[in-house]
Each structure stands twice: as structure tokens, then as C-alpha cells.
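Novice: Can you keep this structure in mind? I'll have questions shortly.
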Amino acid sequence: MSVDSLTIKNKNAKVVRNTFPVLEMTCAACAVSVESMLKSAPGVQNAGVNFANQSAWVEYDEHLAKPVDLQNAVRSIGYDLVVDVEDPQAVKEEAQRKHYEEIKNRTIWSSILAFPVVILGMFFMDLPYATYISMILSAPVVFYLGRNFFINAWKQAKHGKANMDTLVALSTGIAFLFSAFNTFFPEFWHARGLHAHVYYEAAAVVIAFISLGKLLEERAKSNTSSAIKKLMGLQPKTVRVIVDGHEQELSISQVKVGNTLIVRPGERIPVDGMVTSGSSFVDESMISGEPIPVEKKSGDRIFAGTVNQKGSFQFEAKKVGGDTILAHIIKMVQEAQGSKAPVQKLVDKIAGIFVPVVIGIAIVTFITWMIAGGGNAFTHALLTSVTVLVIACPCALGLATPTAIMVGVGKGAENNILIKDAESLELAHRVNAIILDKTGTITEGKPIVTDIVWKVESEDQSIYKKILFALEAKSEHPLADAVVNKLKEENIQSIVIEKFESLTARGVKGSHLNTTYFIGNRKLMDENGINVSAAIADSASKFQAEAKTVVYFSDDKNILAIVAIADKVKVTSAAAIRSLQEKGVDVYMLTGDNEQTAKAVAAQVGVKQYRAEVLPNDKASFVKQLQQNGKIVAMVGDGINDSQALAQADVSIAMGKGSDIAMDVAKMTLITSDLQLITKALNLSIKTVRGIRQNLFWAFIYNVIGIPLAAGVLYPVNGFLLDPMIAGAAMALSSVSVVGNSLRLKAVKL
Numbered sequence: 001m002s003v004d005s006l007t008i009k010n011k012n013a014k015v016v017r018n019t020f021p022v023l024e025m026t027c028a029a030c031a032v033s034v035e036s037m038l039k040s041a042p043g044v045q046n047a048g049v050n051f052a053n054q055s056a057w058v059e060y061d062e063h064l065a066k067p068v069d070l071q072n073a074v075r076s077i078g079y080d081l082v083v084d085v086e087d088p089q090a091v092k093e094e095a096q097r098k099h100y101e102e103i104k105n106r107t108i109w110s111s112i113l114a115f116p117v118v119i120l121g122m123f124f125m126d127l128p129y130a131t132y133i134s135m136i137l138s139a140p141v142v143f144y145l146g147r148n149f150f151i152n153a154w155k156q157a158k159h160g161k162a163n164m165d166t167l168v169a170l171s172t173g174i175a176f177l178f179s180a181f182n183t184f185f186p187e188f189w190h191a192r193g194l195h196a197h198v199y200y201e202a203a204a205v206v207i208a209f210i211s212l213g214k215l216l217e218e219r220a221k222s223n224t225s226s227a228i229k230k231l232m233g234l235q236p237k238t239v240r241v242i243v244d245g246h247e248q249e250l251s252i253s254q255v256k257v258g259n260t261l262i263v264r265p266g267e268r269i270p271v272d273g274m275v276t277s278g279s280s281f282v283d284e285s286m287i288s289g290e291p292i293p294v295e296k297k298s299g300d301r302i303f304a305g306t307v308n309q310k311g312s313f314q315f316e317a318k319k320v321g322g323d324t325i326l327a328h329i330i331k332m333v334q335e336a337q338g339s340k341a342p343v344q345k346l347v348d349k350i351a352g353i354f355v356p357v358v359i360g361i362a363i364v365t366f367i368t369w370m371i372a373g374g375g376n377a378f379t380h381a382l383l384t385s386v387t388v389l390v391i392a393c394p395c396a397l398g399l400a401t402p403t404a405i406m407v408g409v410g411k412g413a414e415n416n417i418l419i420k421d422a423e424s425l426e427l428a429h430r431v432n433a434i435i436l437d438k439t440g441t442i443t444e445g446k447p448i449v450t451d452i453v454w455k456v457e458s459e460d461q462s463i464y465k466k467i468l469f470a471l472e473a474k475s476e477h478p479l480a481d482a483v484v485n486k487l488k489e490e491n492i493q494s495i496v497i498e499k500f501e502s503l504t505a506r507g508v509k510g511s512h513l514n515t516t517y518f519i520g521n522r523k524l525m526d527e528n529g530i531n532v533s534a535a536i537a538d539s540a541s542k543f544q545a546e547a548k549t550v551v552y553f554s555d556d557k558n559i560l561a562i563v564a565i566a567d568k569v570k571v572t573s574a575a576a577i578r579s580l581q582e583k584g585v586d587v588y589m590l591t592g593d594n595e596q597t598a599k600a601v602a603a604q605v606g607v608k609q610y611r612a613e614v615l616p617n618d619k620a621s622f623v624k625q626l627q628q629n630g631k632i633v634a635m636v637g638d639g640i641n642d643s644q645a646l647a648q649a650d651v652s653i654a655m656g657k658g659s660d661i662a663m664d665v666a667k668m669t670l671i672t673s674d675l676q677l678i679t680k681a682l683n684l685s686i687k688t689v690r691g692i693r694q695n696l697f698w699a700f701i702y703n704v705i706g707i708p709l710a711a712g713v714l715y716p717v718n719g720f721l722l723d724p725m726i727a728g729a730a731m732a733l734s735s736v737s738v739v740g741n742s743l744r745l746k747a748v749k750l
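For the sequence shown, position 105 (counting from the first letter as 1) is numbered 105 according to UniProt numbering, and the numbering increases by one without interruption.
Structure representation (C-alpha cells):
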């Protein structure tokens, strides 16, 4: 039924939120009508409709409303909702394909029939029976090929609503009927000394031009969602599953948690899971951004959409369907493309009243010409009012924001920037203060050994390395893994340690061949009377000044080695921070680490303003403080401890390799955790907002200029009256130009 499912519990109600594909919408006013009907349906608490991606989200009480009730409500005004199917996206795409083919056929046939009508109307008006021929050719264009305009307009009218179909039906219907009257009863006008004008070519060509515009618009709109289609294409349709010891090929939808699956060389991994047997290298660049394949063996996690290399392995499915990382990425992009920017909410209100206002302008135009039009008053009144109805299409206005947002979100996804909602994309260009968490954001978030300084002869180091390895392998301290990993790189083998003991807040100790060995901090050395020479103390101080943690390794008398461990600064962090500062953005670093480490890291990456030993609620308070000082604040973090500050910030950005909670709270996620993507995100916001403003300008200016021209404002000056046929072409061009301008964003460099 939906890719988006959220259950909210009330005292006496079970409110669910589902997203449904919407069919048959043709303009922004259609989206407003569907949204209005959904909101007024019994049991519905809230709803929203996006014209650009043809979808609706609805929050409703399951006890009072069912999806089929929502579908019936939408169907009553001429649209449809896709519900109760296994793959609604596929149904939507198939419906859109059929709709596209229908529009294409309508465009071709309406153009073929309208062309001779135009030739007759322009060059052979006095040909015998020319008006009858024109009427016969244009009738199927208006009432058969254009029947949907009349059907939908009637359905809208029954509910007291109006949309673009209303404008087209009124303009073409009136033009045809007026022309038909003049064809059959020309003497009515001849008796009054007037020529019996016909406008068959206007009615037919308006349908043809609108159909052509819709054809180009549908094609362009399908391009705006190409990022979603690429992401969906990362998941295979079928998988190989071990059932009762036998291999079977099943649909991806049949895979359940706990199933054992087989992945062969070159295949995409279908669901998230854990390797149970075999090994291979897997290309995880679509998730991590790292181009080097990662080795996978028994016990390692794998993710849907990543590509297996040369090996083969079996794995247990851990997350399937909408729970996989790939599904969450797709969902995030879909929701962002469907979300409304703040400016779009104003546009929706305008679109909702636009059609009634235009009909009112057409009526006023008709009355004005009837009063002041002179001898040809009725002809001019009819012509101008029909032209007003034709030229004033709300499509360009409705497409201005959502198409730019859709392309912007897709562009972000292509650059490893996942955007959850349109508001953050619109607001990001105004950010003038960015707060960076240290660990996992500026730094790698993974401690590594940077230096080992031995205080024993080189020929003795081999045995001591084995002792160090054995002790740290038993230790539960987070930094012990860094030492173990370093010694593993040297292929050091462990030895037997006796009397191992963990010493809280100090380190560990153990014995080998009746000698006791210690690993830990300076306090542990001092407590056990271990000699720490001035040279060793100087080396330790130097490492600490570089934001490194020093671990001492000794026997029961002397220091054997000191190990420097650091959370390495990402290679791109300094350049990214410099880039932000050059854009005039104030950069702050907040960390729970100590002052010395914070100062060293800040100096290394060029951050001038930092705070150390900060608690999670202190981070949120600092965000609020900057906001109170008039700053538009972006918070960048990766951990649970950052979630409070992320929620408080105007724009929240999570590292893709961080915690799930941080990514859930944040409005943007940097998949590769590269800080340089922040500058790209700000640039994307600038270019997207610029595109929205350009679209809105042209959509508004088009109507501001077009409607007065259509009403005949220039006629008293130079005798110019806009032909309805030209108005139809201009209307179609306006929508196509807006979508085309949005698509330009695909080519920009961030």
C-alpha cells in the first residue's frame, strides 16, 4: 500500500500515515482539489498532495476511515488513488506510462485534425462549405480528444471546485458552440450588419497545444525523478534462497528475515544481512563513497544495493523490504521530493483561488466589451473572454517550486547528500553559522595508533610486542582495539598471559614468565613505582599537545614503550572548514573531549571558535544561543549525543556513518561523512532557490502580462486582439519553460 508508514497512538484512536500515488492530476489546482477532498473525508486528520511527484500522504484514524474510502473520495472528483496493491509504485508508473501514451495519441490526432482547420480559417475562409468542414474536423478534437477536460470540469463543478480543466472546457466549449451557431444561423448576424465569425481553429488548436504542452511536461517531470529510479534500480528483482537445503529463486518481496541467501560474483546484494559462509570483496561505494571494495567474511554486515565482486558467499537476511538501508535512502529522497518548501504553501493557496479569479476576470472582460465594444461588441466580448480563459493556466505556477525541489533533491542524492525535506533545502543557503561536532565529524571517529616509541633494544622488541598484544587483546578498553589492530598489521602473535587483571580507570596488568607487566596511564605507572624518565615525560607531553592519548607499557621496574593513540582528523576537514569560512560562515567546534585535545584539533583544522567538555544539552543550548543572536544555524553531528542539538538547529546535517538516531533527527545526511559535502549542500540550496525564484517570476509575469493582453487592453491603442490559438500555445510554453528551467539544475556543478 505504501512506502511510508507511521503509526501514532492516541487514547481512543489509531492514526496511521500512508503515502499513496495519485492518478489523473493535470495541474496544481488539481492537487489542491485532491488535498481538499482528502482533508474533508471522515476520519482524516491531515493530508498533503504533491503535483510534481503525483503522490498524497494522509494521516487518518483506522477505525473511521479505510484506504478504499479515501480512494472513493478522490474518485468522486475525477482522480484516483492507488491503494491495496503489493507494489503501488509499479501501478503508478504503469498508469503514468498509459497516460503518457494517451496524451501522445491525443496530441498527434488533435494536431492532424487541427492543421487543416487552421489552413481553412486563415487562407480559405470564403471557400464553399469551409465552415462546415472546419466544424466536422474540429468537433472530434474538442469533444472526443478533449473530452477529459469536460468530464473533469463537470466533476469539479459538482463539488463547487474548479481547475485548469474548467478553463479549457469553458474556453473551447464556448468557442465551438458560438462558431456552430454562426455556422447554422449566419443570418442572425447578417441582419445586424455583422459578419458571422467562427473560431473552430481556436478551439481545435487550443486542445492540440495544451496536449502538446502536457506531453512535454509529462516527459520533463519523469526526468526530475530519475534519481529515485536509479536508486530503485540498485535492488535486484529476484534472489536465490536456500530452502530445506535446496536453492530456489524467489521474488525479492518473498524474502523474510532469517532466510539464507546466496550471492554470486558480480551480483547486487538484495537485502541487508550478515555473512554466514564464504568470503568476497564488496563494492560499498553507493553507501560509503569509498571506491575500494571491502573484504567480507563470516560475521560481517552487508547491505542491499552494494555489488559483490569476484567471490561467492551465503548470508542471513537481517533487514528486508522497507527496513533496508537502501529502502530508507529511497524513502528519504521520495519524502524530500514530495515535501513542500515554505514558499510552495503560499503558491498552493494562490493556485486554489486562481481559477475562480480567472473565471471572474473573463466574466468582467465579457461585460466590459458588451458595454463598450461598439458594433462588434459581442464578437470581441466572446473572443477576449475565451482568450483569458485559455491563457491563464495555473500549471506553470504550480510546477515552479516542486519541480525545482525534485531536481535539487535528486542532484543532492547524486552527490551523496540525502535531503529529508524541502524546507531544509530552501533554508540552507541562508545559513551563516555552522556547529561541528569533533569526534566522527571533523575526525574519523575511530582511534588509531599513530606512534609507538620503544625504550628497549630492537632485538628485544619482538617478545615485548607479543606481551603487549596479549594484554591489550584481553582488555575491554576502547583504545585497546587500536593497539591490537596496529600489532595485527605487523603479524604479531599472542602469547599466554597469567593473572590478568583490569584496573578501573588506570589500565590492565598481567604476568608472563613470573614478570608482571602494566599497560595504562601515568597514574598507573606512578602507583606501581615505575620509573618515568624526563625523556619519556617529554615525549608524552609532545604527543598530548598533538591531541593524542598516551598509553604507557612497562614491566615491574621500567617503561618499555609509550603508545600514542589519536582519533585522526579527516583529510578533507581542514579544506572543508576553510571553504565554509571563505563563504562568510562562522564555524564552531563543540566536543565533550578535554580542553587540550579540543584546542589541538581546532588549531589543526583552522577552527577559531570552539568549546570543550560540552554535554549534549549544552550543545543544544549553544545552538539556541546563536539563534537568539540572529544566526541561521546548521548543526553537523554523527552521534546520539548530537541529536538534541540537531533537532534544535535550523538546518541539521548528519554523518552517514554515524548513529541511526542522528540520521533520523537530521534533515540532511552526508552519506560519505565528508565535510566538503556541506559546501556542496549550501551551493545546491543557493542554486535550487534561485531556480524557484526564476520559475515563480516567469509564472507570475506570464499571467500579469498575458491576462491583460488576452482581455484586449491594447485594442483601444493599436487594435490588437490576442488570438485564442496563440494564447493556447503561450500557455503550453509557460509550463514547459518552467520545467525546463528546473531541469537546468541537473547540469550545474556544485
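Every residue, glycine too, gets a C-beta built ideally from N, C-alpha and C.
Only a predicted model underlies this, so the values are computations on that prediction, with no experimental measurement involved.
Which residues mark the beginning and the end of the alpha helix (DSSP H) in which K509 is found?
Specialist: Careful: K509 lies outside any alpha helix (DSSP H), inside the beta strand (DSSP E) at 507–512.
Novice: Within the continuous alpha helix (DSSP H) that includes S541, where are the two ends?
Specialist: Note, S541: alpha helix (DSSP H), 534–545.
Novice: What residue range does the beta strand (DSSP E) around E501 cover?
Specialist: Per DSSP, E501 belongs to the beta strand (DSSP E) from 498–503.
Novice: Quick check: the Cα distance between R17 and E59, rounded to an integer number of angstroms?
Specialist: Near 4 Å, if we compare the C-alpha coordinates of E59 and R17.
Novice: Near A208, which residues of its chain fall below 6 Å by C-beta distance, leaving aside the five closest residues on each side in sequence?
Specialist: Same-chain partners within the cutoff: S110, S111, A114.
Novice: Count the other CB atoms, across all protein chains shown, that sit within 10 Å of the CB of K14; report buried if there are 16 or more and exposed otherwise.
Specialist: K14 should be labelled exposed.
Novice: Taking DSSP's pairing of strands, which residues face Y702 in a bridge?
Specialist: None, per the DSSP bridge assignment.
Novice: Would the beta-carbon of V601 fall within 8 Å of that of A545?
Specialist: Going by C-beta atoms, V601 is not nearer than 8 Å to A545.
Novice: Just reading off the beta strand (DSSP E) that V550 is part of, what are its end residues?
Specialist: Start and end: 549–554.
Novice: What residue does the beta strand (DSSP E) around Y60 start on, and which one ends it?
Specialist: First-last of the beta strand (DSSP E) with Y60: 55–61.
Novice: Starting from the C-beta of P236, find all residues in its chain whose C-beta is less than 6 Å away, skip the five residues before and the five after it, and write them out in chain order.
Specialist: If we look at P236 and ignore the five residues flanking it on each side, its Cβ neighbours are R268, P270.
Novice: Measure the alpha-carbon distance for K746 versus V614 and round it to whole angstroms.
Specialist: Using only the alpha carbons, I get a separation of about 41 Å.
Novice: Using 8 Å as the threshold, is the region 631–640 in touch with the region 425–444, meaning 3 or more CB pairs across them?
Specialist: Taking 8 Å as the limit for Cβ pairs, the verdict is that the region 425–444 does touch the region 631–640.
Novice: Answer yes if the region 509–519 comes into contact with the region 414–432, meaning at least three C-beta pairs across the two stretches below 8 Å, and no otherwise.
Specialist: In short, these stretches do not touch, since the Cβ pair count stays below three.
Novice: Is it buried or exposed for F178, if we count other Cβ within 10 angstroms and need 16 for buried?
Specialist: Counting Cβ neighbours within 10 Å, F178 comes out buried, since at least 16 surround it.
Novice: Give a yes or no on whether the C-beta atoms belonging to Q156 and I77 are separated by under 8 Å.
Specialist: Yes, they are a contact pair.
Novice: When DSSP labels each residue in this structure, what does R240 get in the three-state scheme?
Specialist: Residue state, collapsed to three classes: strand.
Novice: Once the 5 residues before and after I452 are set aside, which same chain residues still bring their CB inside 8 Å of it?
Specialist: If we look at I452 and ignore the five residues flanking it on each side, its Cβ neighbours are K486, A561, I562, V563, A564.
Novice: Count the C-beta pairs between the region 695–702 and the region 677–684 that are closer than 8 Å, then say yes if the count reaches three, no if not.
Specialist: The region 695–702, when compared against the region 677–684, does not touch it at the 8 Å Cβ threshold.
Novice: Quick one: what does DSSP say N432 is sitting in, helix, strand or coil?
Specialist: The answer is coil: DSSP assigns N432 none of H, G, I, E or B.
Novice: Please confirm whether V263 and G299 have their CB atoms less than 8 Å apart.
Specialist: No, the Cβ-Cβ distance between V263 and G299 is not below 8 Å.
Novice: Return yes when the Cβ of F176 is within less than 8 Å of the Cβ of S134, no when it is not.
Specialist: No, Cβ-Cβ distance for S134 and F176 is not below 8 Å.
Novice: Short of 8 Å in beta carbon distance, which residues of its chain neighbour E290, apart from the five on each side in sequence? Order them along the chain.
Specialist: Residue confidence for E290 is low, a pLDDT of 44 falling below 50, so the modelled location carries little weight; the figure read from the coordinates is stated next. Same-chain partners within the cutoff: E284, T672.
Novice: Thinking C-alpha only, which one of G173, L64, N259 is nearest R147?
Specialist: Closest by alpha carbon: G173.
Novice: Report the three-state DSSP secondary structure of F622 (helix, strand or coil).
Specialist: Three-state result, F622: helix.
Novice: Hey, N594 and A612 are a contact pair by Cβ (cut 8 Å); roughly how many whole angstroms apart?
Specialist: Yes, they are in contact, since the Cβ atoms of N594 and A612 sit about 6 Å apart, within 8 Å.
Novice: When burial is assigned at 16 or more other CB atoms within 10 Å of the CB, is S554 buried or exposed?
Specialist: It counts as buried.
Novice: Excluding the five sequence neighbours on either side, which residues of its own chain have a C-beta within less than 8 Å of the C-beta of I367, listed in chain order?
Specialist: Cβ neighbours of I367 beyond the five flanking positions: A381.
Novice: If you draw a straight line from the C-alpha of I492 to the C-alpha of S742, how long is it?
Specialist: Roughly 59 Å between the two C-alpha positions.
Novice: What did DSSP end up calling I671 once you bin it into helix, strand or coil?
Specialist: Residue state, collapsed to three classes: coil.
Novice: On the DSSP letters alone, give me the boundaries of the beta strand (DSSP E) that residue 764 sits inside.
Specialist: Past the boundaries of the shown model lies residue 764; the chain is included only from 1 to 750, so the question cannot be answered.
Novice: If you follow the alpha helix (DSSP H) that T716 is part of, which residue opens it and which one closes it?
Specialist: In the sequence on display, residue 716 carries Pro and not Thr. Run containing P716: 715–718, per the alpha helix (DSSP H) assignment.
Novice: When DSSP labels each residue in this structure, what does K446 get in the three-state scheme?
Specialist: K446 falls in the strand class under three-state DSSP.
Novice: Straight-line CA distance for A65 to V82?
Specialist: Cα to Cα, the separation comes out at about 16 Å.
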